[in-house]
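Residue numbers (our numbering): 1 to 324. All C-beta atoms in this analysis are idealised placements derived from N, C-alpha and C, irrespective of residue type, glycine included. Okay, structure first, notes after.
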Ligand SMILES: Nc1ncnc2c1ncn2[C@@H]1O[C@H](COP(=O)(O)OP(=O)(O)O)[C@@H](O)[C@H]1O
Ligand SMILES: [Mg+2]
């Protein structure tokens, strides 16, 4: 592929703001998203993700700034933009008393597609998503099936750019994985995907690049690996204590260990938990345990040794957890 082709931008956002009175929902966001990328915007509830999507899809008018979708301004070229995008909103939007096929065909016909073509395409899409040929009303579908139906409705017009707002929120683990499989398949098509999520595993496993958003501002961006490298360590040891004094003892000892990068205290299942981020692997883990847990620690509940995650990146930058 030509380098210049790869560098073509699907979206360019310039100092975009949306204020609702004193609430700065989106507060000066700038970024560039390349064609063909799966770009995630990861942030906690209330960070401004949905407000950002609604501006980019021309539903909401910005307070200030502008954004270009395939080179067209969201302020002045709304009609052009709407033809090129697909949107799967956070709140599932389907017609309850239509079948899956009918839902998708309806959207297709609204886009001006001849009925015969629409019917054929709808069937194909629903087959890909595992919900073809069902004769029950969409309102009887499970959450995961409704989500996949909504995705099919967003894709029927062959958009260049697809916006997914929290596509797996509220789904059980199995339905969530099915939605992820569908998104992975979409990546193989020639489509740019902007994914809004508060789920760090989702962002980590699906994205080419991630921007982390908090309180209406982008606080970091890069590939998942870059972010973890830049703001984190190699590994994390999580230890839950019964007594705060034990946690304090360990924390004091850890301070002097050069390969221990940082410590943070969080509540996990109601227990005081110390997260110790450190460089290196197993050898350093053993040293950490030998040097950090020297004195009489009364009891330790739960120890977990794991790789650094995007959750740690968020914690390192903001001092808070994504789910707080
Ligand atoms: N229409 C609105 N009127 C007033 N405040 C709003 C409106 N929409 C969103 N907000 C506020 O803007 C902030 C960002 O919300 P939202 O974009 O929905 O965040 P996210 O999608 O990341 O959870 C929140 O504080 C929310 O309460
Ligand atoms: Mg939202």
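Residue i in three-state terms, based on DSSP
i, result
"residue 254", "helix"
"residue 233", "coil"
"residue 2", "Here the model assigns residue 2 a pLDDT of 40, short of 50, so the residue's position is not dependable, and the following value carries that caveat. Three-state DSSP puts residue 2 in coil, outside helix and strand."
"residue 128", "helix"
"residue 316", "helix"
"residue 138", "helix"
"residue 53", "helix"
"residue 288", "helix"
"residue 86", "strand"
"residue 171", "coil"
"residue 164", "strand"
"residue 28", "strand"
"residue 323", "coil"
"residue 193", "strand"
"residue 205", "helix"
"residue 94", "coil"
"residue 35", "coil"
"residue 181", "helix"
"residue 60", "coil"
"residue 265", "strand"
"residue 145", "helix"
"residue 249", "helix"
"residue 220", "strand"
"residue 213", "strand"
Distance between residue j and residue i (C-alpha atoms, nearest Å)
i, j, result
"residue 230", "residue 163", "28 Å"
"residue 135", "residue 122", "14 Å"
"residue 65", "residue 15", "5 Å"
"residue 309", "residue 126", "34 Å"
"residue 50", "residue 289", "43 Å"
"residue 244", "residue 272", "7 Å"
"residue 6", "residue 171", "Caution applies to residue 6, whose pLDDT of 47 falls short of 50 and renders its modelled position unreliable; the value that the coordinates give is listed next. Straight-line Cα distance between these residues: approximately 34 Å."
"residue 198", "residue 138", "27 Å"
"residue 227", "residue 284", "22 Å"
"residue 296", "residue 268", "23 Å"
"residue 254", "residue 216", "35 Å"
"residue 159", "residue 83", "7 Å"
"residue 1", "residue 26", "The predicted model places residue 1 with a pLDDT of 36, which falls under 50 and marks its position as unreliable, so this point remains unresolved."
"residue 85", "residue 115", "21 Å"
"residue 165", "residue 306", "29 Å"
"residue 203", "residue 225", "11 Å"
"residue 221", "residue 317", "12 Å"
C-beta atoms of residue i and residue j nearer than 8 Å
i, j, result
"residue 234", "residue 281", "yes"
"residue 23", "residue 13", "no"
"residue 277", "residue 312", "yes"
"residue 40", "residue 168", "no"
"residue 194", "residue 33", "yes"
"residue 70", "residue 10", "yes"
"residue 319", "residue 250", "no"
"residue 35", "residue 192", "yes"
"residue 131", "residue 147", "no"
"residue 210", "residue 52", "no"
"residue 240", "residue 315", "no"
"residue 62", "residue 17", "yes"
"residue 104", "residue 152", "yes"
"residue 212", "residue 31", "no"
"residue 47", "residue 56", "no"
Check: residue i C-beta below 7 Å from any heavy atom of ligand 2
i, result
"residue 49", "yes"
"residue 214", "no"
"residue 84", "no"
"residue 90", "yes"
Residue i: CB within 7 Å of a non-hydrogen atom of ligand 1
i, result
"residue 65", "no"
"residue 133", "no"
"residue 210", "no"
"residue 144", "no"
"residue 43", "yes"
"residue 25", "yes"
"residue 222", "no"
"residue 232", "no"
"residue 170", "no"
"residue 46", "yes"
"residue 39", "no"
"residue 20", "yes"
Any non-hydrogen atom of ligand 3 within 7 Å of residue i CB
i, result
"residue 166", "This structure does not include ligand 3; its bound ligands are ligand 1 and ligand 2."
Residue(s) in a DSSP beta bridge with residue i
i, result
"residue 68", "12, 73"
"residue 301", "240"
"residue 295", "Beta-bridge pairing links residue 295 to no other residue."
"residue 260", "278"
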